[in-house]
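Q: Sharing a structure below in structure tokens format, with a few things to ask.
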Amino acid sequence: MATSNSHRAPGRAVTPLRHSGRALRGTGGAAVLGTVLIGSAFASGAAQAAPAAPAAAAVAAPAAAPTAPTSVLDSSKKLRWGSEGSSVEQLQSALNDEGASLAVDGKFGKRTHSAVKDYQRAHGLQVDGVVGSETRGSLNGGASVASAGASAPASGSSSSSSSSGEAIVDAARTQIGASYSWGSSNPGVSFDCSGLTQYAYKQVGIDLPRTSGQQVAAGTQVSKSEAQPGDLVVWPGHMGIYAGGDKVVDAGRSPGAVTERTIWGSPTFVSFR
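Using full-length UniProt numbering, you'd call the opening residue of the sequence shown number 1 and step up by one each time.
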């Protein structure tokens, strides 16, 4: 009879370790089965995604602050047909910001004059084509901007206007005796009516357009009681310079020369103050 061999034969199956339904608990609460760690990362068969971070509260963008006008007129001087320079360039740029399509050339001519009138009409201003304090203030966003260091009290402005008016009359008087010639503006020699008025105004730094119709359109009509020396006196087809005291200095076909004489008929008066 063969002797019993207590050793396992090679290749013999090993009976699996029987364990109870309770798994041993390892550190951290992970179940341990034999030497296999069933980690918490594998609990329930898959890793659970971390909860999403709460969405940041939407922050409304602050309302845009009102913007100042792109172009600002920094001169307190009136601008009108015939004006030139940087102040006119600023005016043209400001009008372009309002929808005009002007060449910014610093020359206040027909197109700029029309654009000013259109702006005044659209904003309920006096439609005269002259950029004074009201129109300038409107273009500047509601406030007139005086030139640096300038103070312009009403009394000073009136005094300056009066002085300029007297200077215009004096300039016209220097040409008394010059002959009348249509289309002429030749100091000491000959003038037509609008040539004389343009010349006299130019002596005080005001550039008027050349023809009588353009000059009337560029100014502001006033009543006879409001007229001051230096204003224009206008008849159909003719004009002169109001000298005060019911007098006018004009270059007329009759008597064919520049003279100072009494106003006749019922003219209108045009001011550039």
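Glycine included, C-beta positions come from ideal geometry on N, C-alpha and C. Since this is a predicted model, take the numbers as computed values, not measurements.
Can you find the residues in the same chain that come closer than 7 angstroms, C-beta to C-beta, to Thr-211, ignoring five residues on each side of it along the sequence?
A: Ser-194
Q: Nearest by alpha-carbon distance to Ser-271: which of Ser-164, Phe-191, Gln-198, Leu-232 is it?
A: Leu-232
Q: Please determine, among Leu-91, Ser-86, Asp-207, the residue with the shortest C-alpha to C-alpha distance to Gly-137.
A: Leu-91
Q: Suppose you measure from the CA of Gly-230 to the CA of Val-169; what does that come to, to the nearest Å?
A: 5 angstroms
Q: Using a threshold of 7 angstroms, state whether the C-beta atoms of Leu-73 and Leu-139 are closer than that.
A: yes
Q: Nearest-angstrom Cα distance between Ile-263 and Lys-77?
A: 31 angstroms
Q: Scan the UniProt domain "NlpC/P60" (162-273) and note each continuous beta strand (DSSP E) run of 3 residues or more that stays entirely inside, going in chain order.
A: If only uninterrupted beta strand (DSSP E) runs of at least 3 residues are considered, those enclosed by the UniProt domain "NlpC/P60" (162-273) are 220-222, 232-235, 238-244, 247-252, 257-262, 268-271.
Q: Would Tyr-199 and Arg-253 qualify as a contact pair, given that the criterion is a beta-carbon distance under 7 angstroms?
A: no
Q: Based on DSSP bridge pairs, tell me the residues matched to Glu-84.
A: Lys-107
Q: Helix, strand or coil for Val-131 per DSSP?
A: strand
Q: Would you report the Cα separation of Tyr-119 and His-113, rounded to the nearest angstrom?
A: 10 angstroms
Q: Measure the C-alpha to C-alpha separation of Phe-191 and Gly-177 and round it to an integer number of angstroms.
A: 10 angstroms
Q: Which same chain residues end up closer than 7 angstroms to Ser-185 when comparing Cβ atoms and leaving out the 5 residues on each side of it in sequence?
A: Cβ neighbours of Ser-185 beyond the five flanking positions: Phe-191, Gly-195, Gln-198, Tyr-199.
Q: Select from Tyr-242, Val-216, Gly-213 the residue whose C-alpha is nearest the C-alpha of Lys-224.
A: Selected option, being the one with the closest Cα: Tyr-242.
Q: Out of Thr-268, Val-258, Pro-255, Gln-214, point me to the one whose CA is closest to Ala-227's CA.
A: It is Thr-268.
Q: When you compare only the Cα positions, how much space is there between Gly-99 and Trp-81?
A: Distance between the alpha carbons of Gly-99 and Trp-81 is about 20 angstroms.
Q: Classify Leu-139 as helix, strand or coil using the three-state DSSP reduction.
A: Leu-139: helix per DSSP, three-state reduction.
Q: Relative to the C-alpha of Pro-209, which residue among Lys-110, Ala-94, Asn-96 is closest?
A: Lys-110
Q: Anyone know if the C-beta pair for Val-234 and Val-216 falls short of 7 angstroms?
A: yes
Q: Quick one: what's got a C-beta closer than 6 angstroms to Ala-167's C-beta in the same chain, skipping five residues either side?
A: Val-204
Q: Kindly indicate which three-state DSSP category Leu-79 falls into: helix, strand or coil?
A: strand
Q: Identify, in the order they occur along the chain, each residue of the same chain with its Cβ nearer than 7 angstroms to the Cβ of Asp-207, setting aside the five sequence neighbours on each side.
A: Gly-82, Ser-83, Glu-84
Q: Give the DSSP-derived three-state secondary structure of Gln-126 in the structure shown.
A: coil
Q: For Gln-214, which residues from the same chain have a beta carbon less than 7 angstroms from its beta carbon, with the 5 sequence-adjacent residues on both sides left out?
A: Trp-81
Q: Figure out for me which residue from Asp-105, Leu-95, Arg-173, Lys-247 has the closest Cα to the Cα of Val-131.
A: Leu-95
Q: Going by C-alpha distance, which of Leu-79, Ser-164, Trp-182 is nearest Gly-237?
A: The shortest C-alpha separation from Gly-237 is found at Trp-182.
Q: With Ser-101 and Ser-87 assumed to form a contact (beta carbons below 8 angstroms), what rounded beta-carbon distance in angstroms separates them?
A: About 20 angstroms separates the two Cβ atoms, so there is no contact after all.
Q: With 16 as the cutoff for other CB atoms within 10 Å, does Gly-45 come out buried or exposed?
A: Bear in mind that a pLDDT of 44 at Gly-45, under 50, signals an unreliable position, so the model cannot answer this.
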